[in-house]
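For reference, the structure discussed in these notes is given below.
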Amino acid sequence: MTVNFALLGAGRIGKVHAKAIAGNGDARLVAVSDAFAEAAQTVADTYGCAVRSIDEIEADKSIDAVVICTPTDTHADLIERFARAGKAVFCEKPIDLNLARVKQCLGVVKETGAVLMVGFNRRFDPHFAAVRAAIDEGHIGPVEMVQITSRDPGPPPISYIKSSGGILRDMTIHDFDMARFLLGEEPETVFATASVLVDPAIGEAGDFDSVSVILTTASGRQCSISNSRRATYGYDQRIEVLGAAGAIAAENQRPVSIEIANAQGFTRPPLHDFFMTRYTEAYAAEIASFIAAIVEGKSASPSGEDGLRALALADAALLSIKEGRAVKLSEIL
């Protein structure tokens, strides 16, 4: 079976997914829609698909699945619309910025029986997936502590910050999902601190650019998360897991993994410049997993519930920052 896809949203992340779909032999990108005609036409010209309206995509019975890469405030409405149209849905995180709206949306997904996958691509990164596999194989014993470092090379435009839901719901949300992926237990308590150290305009927009979070599970397992909107040395993505019998780490990746040694010392090439190149393999594996769920008629993972949980952790972290205390996830959910 070849799965026919339509892409909703032809911006930066939309182009990443278009490339992943086009590179999969079991998929075909047949349509693209975007409010900006030029962006849609660029994708159409690159991958040989048609520019269509959302109404046309919804009505086309030959389209099996949609990938939603539109602005966040449209996600829940589009998920419900295409679930009711009988199409499988892949949606970039978050489903919505409001937990109640997410729960309502997931109710429609359950009612229609639609396949829904949420875009937490880092689960599919081969390096991070190998960390999870090593845990499952017992190499380090029971997990005790997880450390996640995630720092962007530079901040996004202020216009994006104002609409994204802020650093916790846009950036840290990936790390909340990764924490759940690696801890093996649900976090129950969240303590977070945040500052504006990179750009005062980010603070004026009501957001932060430097965040630290500690998650704790019922048994006491801990995860610490370090986020910054500025890493002058490149896209910083590292994980370390400490277990009762050892530790495992996933180091930063580079486009070229070499080391030069000479009289000046040891030097290595720079890190990847951002997520588009760092997570290329993850995006391809993510789409492959979504296709498999469609073809096999199975639930997709990460699921809508995973999206809900990650957003709840973001909300708990924001409350922790505002009130200067540890917040129980039960207060949010």
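Following this note's numbering, the numbering of the sequence shown begins with 2 at its first residue and continues without gaps. Glycine residues also receive a C-beta, built at the ideal position from the N, C-alpha and C atoms. Computed from a predicted model, the values in this text were never measured in an experiment.
TODO: Taking Ile249 as the reference, give the member of Ile149, Phe91, Ile58 with the closest Cα.
DONE: Ile149
Open item on the list: Alpha carbons only, please: which of Pro201, Ala60, Arg123, Glu332 is nearest the one belonging to Ser290?
Closed with: Distance check between Ser290 and each of Pro201, Ala60, Arg123, Glu332 places Arg123 closest, using alpha-carbon atoms only.
Task: Exposure label - Val257; buried when at least 16 CB within 10 Å - done: exposed
Task: Whole-angstrom distance between Ile226 and Gly167, CA atom to CA atom - done: 16 Å
Task: Entirely enclosed beta strand (DSSP E) segments - the stretch 193-260, minimum 3 residues - done: 211-218, 223-229, 237-244, 247-251
- [ ] Select from Asp176, Ile240, Leu98 the residue whose C-alpha is nearest the C-alpha of Val214.
- [x] Asp176
Open item on the list: Once the 5 residues before and after Arg152 are set aside, which same chain residues still bring their CB inside 6 Å of it?
Closed with: Ser229, Ala232, Asp237
Task: Validate contact between the stretch 188-200 and the stretch 267-274 using beta carbons, cut 8 Å, 3 pairs - done: no
- [ ] Hey, could you find the ends of the beta strand (DSSP E) Gln265 is sitting in?
- [x] Looking at the DSSP string, Gln265 is not in any beta strand (DSSP E), and its letter there is neither H nor E.
Task: Residue of Leu319, Ala131, Asp210 minimising C-alpha distance to Phe179 - done: Looking at the sequence shown, residue 179 is not Phe but Met. Measuring from the Cα of Met179, the nearest candidate turns out to be Ala131.
Open item on the list: Quick check: what's the CA-CA separation for Val242 versus Val52?
Closed with: 45 Å
Open item on the list: Is the separation between the beta-carbon of Ser336 and that of Asn5 shorter than 9 Å?
Closed with: Any answer about residue 336 is impossible in this case: the structure gives the chain only from 2 up to 334.
- [ ] Using only alpha-carbon positions, find the residue among Phe276, Thr43, Ala32 that is nearest to Ile69.
- [x] Ala32
- [ ] Could you spell out the range, first to last residue, of the beta strand (DSSP E) harbouring Cys92?
- [x] 89-93
- [ ] Could you tell me the distance, in whole angstroms, from the CA atom of Cys224 to the CA atom of Asp171?
- [x] 19 Å
- [ ] Kindly say whether Leu320, judged by its beta-carbon, lies nearer than 9 Å to any beta-carbon of chain B.
- [x] Absent here is chain B; the protein component of the structure consists of one chain.
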